[in-house]
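Colleague: Taken in order, these protein sequences are the chains called A and B. According to the working numbering, the stretch in the first sequence is residues 133 to 209, in order. According to the working numbering, the stretch in the second sequence is residues 122 to 470, in order. From the three backbone atoms N, C-alpha and C, an ideal C-beta is built for every residue, glycine too.
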Amino acid sequence: MKNVKILGSGCANCKRLEQNVRNLADKHNLQLEIEKVTDYAEIMKWNILSTPGLVVDGKLVSAGIIPNDQRLLEMLQ
Amino acid sequence: MDDSLSLQTKPEIPWRLIGLLSLAAALWLLAYNTIQPLANWIAYTLLALPQGSRLGESLAFFFYDVPKIILLLGGMIFLISLLRTFFSPEQTRAMLGGKREGVGNVLAALLGIVTPFCSCSAVPLFIGFVESGIPLGVTFSFLIAAPTINEVAVVMLFGLFGWKVAGLYIASGLVIAILAGVVIGRLKLERYVEDFVWQIKSQGEGVVEKLTFQERVERSWESVKEIVGKVWLYVVVGIAVGAGIHGYVPESALSSIMGKQAWWSVPAAVLLGIPLYSNAAGVIPIVSALMEKGASLGTVLAFMMSVVGLSLPEAIILRRVLKPQLIAVFIGVIGVAIIITGYLFNWIM
C-alpha cells in the first residue's frame, strides 16, 4: 500500500488534488493511504514553494499544480 | 506507461496542435471584429432603440464590452499562462539567490509578473525564500509585485482604458514593489518574522518538471477556464453598472468629487479599495465609466492598485509567518506608495 501525502493548508487546489487522487484510486483500484498535511512547519520539510504538494512514499512528486490524470496515475502507481 | 519515456527521447513537432491553435486564433480574431457591428445591430436594429438615446447608448455599450472583455480575457490569459509555464517559483528562487538588495528587488519585482503565483501559496513561498537566504526586502518585492500586477487587472485595463493606462499600471506596480521592498529591507524587521520560520530546515530538492508543448497548452487552457469561469459574472455585472453610468450620468458630474481638485479623493479611493479585494473584474468597468465622467487618472490608478494589491485575505494568510507589527508595516508601506502614485499621476496628467 502506498502512502500518499497531500501538502497544503486547505486551499481550493489542495482539495481538488485530493479529490482527483481519490477518484483515480477508485477507478484503478489503487491501494492508497491518503494523508493530509496542513501544518506549514511540516509541509516545508519537503522544500516546496507552492501548494498543493504531492508526496508518494516519502518522495515529493509534484508541487504547485494539479497534474493531469495521466501523470497523476503514473505518480501513484 | 512506457509511452511517456519514448516521448521524451524523440521530440515530435505537434502539427495537429499547432493547426488547432491557429484555427482558434483565426476564430478569435473573427469574433473580436464582429462584436462592434453586432452590438450596434442588437441595440439599434433588433431592439429598435433610437441612436443617441440613453437606453440605446447604454445597451450598445453593454453588448459590445461584455463579449470584448471576455474574449480578451480568454485570449490573453491563455498567452500569459503559456508564458508562465516556462517559469516556476523554484527557478525564481534560484535566480534571486545571492543577489544583493537593490538588484535583487528589481529582479524580484520583474519575476513577480511572470512567475505563477497564487496568494494561497504565499506562506510556503515566503518561508522557502527566506530560508534559502533571500533578504526579507527582496522577498517582499516579489510578494507585492506578484498579486498587484495580476493578469485579470492588466487585461481589463488594456481592454477598457487602452495600452497606455495598462502600461502605467504595470510600471507603477513595479516601482511600488521595488521601493516598498527596499524600505522594508532597510527597516531590518527580521525579528518580526514568526520564530518558527527561522527554525525550519527543508531537505529535499523540490521537483523540476519537464513539460511537453501539449501539456503547456493543456495547462494554459485549464487556467483560462478556471479564471474566466471565476470572473465572468463580475465582468457582466461590472459592465452593466458601467453601461448605466455611461448612459445616464451627466458628463463631468464626478469631477468635483473624484477629480484632481479633490485632494482627499486619492486616500479615499485607497481606503475604499481595500475591502473590494479580488473584485478587479467587477470594479474596472465601473471605474472606467467613472473616469469618462470626470474622475482623474491618478485617483483611478490608486483605487485599482488598492483593490488588487492591498488585500486583507493575503495579509491574513501572511499573518501565519509575520508578526502583527510587520503586517502593519507591509500594509502601511504599500498604502503610502499607492497614495503617492495617485497624487503623482493626478499632478502630471
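Using a Cβ-Cβ cutoff of less than 6 Å, which residues in the same chain neighbour residue 163 of chain A once the five nearest sequence positions on both sides are dropped?
Modeller: Within the same chain, residue 163 of chain A has close Cβ partners 133.
Colleague: I need the straight-line Cα distance from residue 222 of chain B to residue 443 of chain B, nearest angstrom please.
Modeller: So the two alpha carbons sit approximately 20 Å from each other.
Colleague: Where does residue 137 of chain A land, buried or exposed, given buried means 16+ other C-beta within 10 angstroms?
Modeller: The residue in question, residue 137 of chain A, is buried, as its Cβ has 16 or more Cβ neighbours within 10 Å.
Colleague: Give me, in chain order, the residues of the same chain whose beta-carbon lies closer than 7 Å to that of residue 235 of chain B; leave out the 5 immediate sequence neighbours on both sides.
Modeller: If we look at residue 235 of chain B and ignore the five residues flanking it on each side, its Cβ neighbours are 204, 205 and 208.
Colleague: Is it right to say residue 240 of chain B is buried, meaning 16 or more other beta carbons lie within 10 angstroms of its own, or is it exposed?
Modeller: By the 10 Å Cβ count, residue 240 of chain B comes out buried.
Colleague: Along chain B, which residues have their Cβ under 8 Å away from the Cβ of residue 169 of chain A?
Modeller: None at all; the shortest Cβ gap to chain B is about 12 Å.
Colleague: Could you tell me the alpha carbon to alpha carbon distance between residue 153 of chain B and residue 433 of chain B, rounded to whole angstroms?
Modeller: Between residue 153 of chain B and residue 433 of chain B, the C-alpha separation is close to 36 Å.
Colleague: Helix, strand or coil: which one does DSSP assign to residue 374 of chain B?
Modeller: Note: residue 374 of chain B maps to coil in three-state DSSP.
Colleague: For a cutoff of 8 Å on Cβ pairs, would you count residue 214 of chain B as touching chain A?
Modeller: Chain A contact via Cβ: present.
Colleague: Nearest to residue 150 of chain B by alpha carbon, out of B:184, B:166, B:192 and B:182?
Modeller: Comparing Cα positions, the closest option is B:192.
Colleague: For residue 338 of chain B and residue 141 of chain B, I'd like the C-alpha separation in whole angstroms.
Modeller: Residue 338 of chain B and residue 141 of chain B: Cα-Cα distance of roughly 11 Å.
Colleague: How far does the alpha helix (DSSP H) with residue 152 of chain A in it reach, from first residue to last?
Modeller: Start and end: 144 to 160.
Colleague: Would you mind giving the Cβ-Cβ distance between residue 257 of chain B and residue 310 of chain B, rounded to the nearest angstrom? I have them listed as a contact below 8 Å.
Modeller: 6 Å between Cβ atoms; contact.
Colleague: Is the number of C-beta pairs between the segment 395 to 413 of chain B and the segment 360 to 373 of chain B that are closer than 8 Å three or more?
Modeller: These segments touch.
Colleague: Strictly under 8 Å for the Cβ-Cβ distance: is residue 211 of chain B near chain A by that measure?
Modeller: Judged by the 8 Å Cβ criterion, residue 211 of chain B is in contact with chain A.
Colleague: Using a Cβ cut-off of 8 Å (strictly closer), state whether residue 125 of chain B contacts chain A.
Modeller: Because the pLDDT at residue 125 of chain B is just 46, under 50, the model does not fix this residue reliably, and the value given afterwards should be weighed accordingly. Closer than 8 Å: yes.
Colleague: Residues in the same chain with beta-carbon distance under 7 Å from residue 135 of chain B, minus the five sequence neighbours each way, listed in chain order, please.
Modeller: Closer than 7 Å at Cβ, skipping near neighbours: 334 and 335.
Colleague: Which residues in chain B have a C-beta closer than 7 Å to the C-beta of residue 152 of chain A? List them in chain order.
Modeller: What residue 152 of chain A touches in chain B: nothing, since even the nearest Cβ is about 12 Å away.
Colleague: Quick one, which of B:275, B:394, B:220 and B:186 has its alpha-carbon nearest residue 452 of chain B's?
Modeller: It is B:394.
Colleague: Hey, how far is the Cα of residue 273 of chain B from the Cα of residue 403 of chain B?
Modeller: Rounded to the nearest angstrom, the two C-alpha atoms are 11 Å apart.
Colleague: Would you list, in chain order, the members of the segment 170 to 202 of chain A that have their beta-carbon closer than 7 Å to a beta-carbon of chain B?
Modeller: Cβ contacts with chain B come from 172, 173, 175, 176, 177, 178, 179, 180, 181, 182, 183, 192, 193, 194, 195, 196 and 200.
Colleague: Are the C-beta of residue 435 of chain B and some C-beta of chain A separated by less than 8 Å?
Modeller: Residue 435 of chain B does not count as touching chain A.
Colleague: Residues of chain A with a CB under 9 Å from the CB of residue 339 of chain B: which are they?
Modeller: What residue 339 of chain B touches in chain A: 200.
Colleague: I'd like to know if the segment 171 to 181 of chain B and the segment 345 to 353 of chain B are in contact, where contact means that at least 3 CB-CB pairs between them fall below 8 Å.
Modeller: Too few Cβ pairs lie closer than 8 Å, so no.
Colleague: Alpha carbon to alpha carbon, what distance is there between residue 454 of chain B and residue 226 of chain B?
Modeller: Approximately 15 Å between the Cα atoms of the pair.
Colleague: Verify whether the separation of the beta carbon atoms of residue 175 of chain A and residue 139 of chain A is less than 8 Å.
Modeller: Against a cut-off of 8 Å, the Cβ pair of residue 139 of chain A and residue 175 of chain A comes out as a contact.
Colleague: Mind checking if residue 245 of chain B is an interface residue toward chain A, Cβ cutoff 8 Å exclusive?
Modeller: Closer than 8 Å to some Cβ of chain A, the Cβ of residue 245 of chain B qualifies, so yes.
Colleague: So residue 242 of chain B contacts chain A; which residues on that side make the cut at Cβ distance below 8 Å?
Modeller: The contacting residues are 143, 181, 182, 183 and 196.
Colleague: Which one of B:317, B:379 and B:157 has the shortest CA to CA distance from residue 249 of chain B?
Modeller: Of the listed residues, the one whose Cα sits closest to residue 249 of chain B is B:317.
Colleague: Within the chosen definition, does the segment 147 to 159 of chain A reach the segment 288 to 306 of chain B through at least 3 CB pairs nearer than 8 Å?
Modeller: Judged by Cβ distances under 8 Å, the segment 147 to 159 of chain A makes no contact with the segment 288 to 306 of chain B, as fewer than three pairs qualify.
Colleague: Rounding to the nearest angstrom, what Cα-Cα distance links residue 330 of chain B and residue 320 of chain B in this structure?
Modeller: The straight-line gap from Cα to Cα measures roughly 28 Å.
Colleague: Return the residue from the list B:462, B:466, B:197 and B:363 that minimises the CA-CA distance to residue 145 of chain B.
Modeller: Taking only the C-alpha atoms, the option nearest residue 145 of chain B is B:197.
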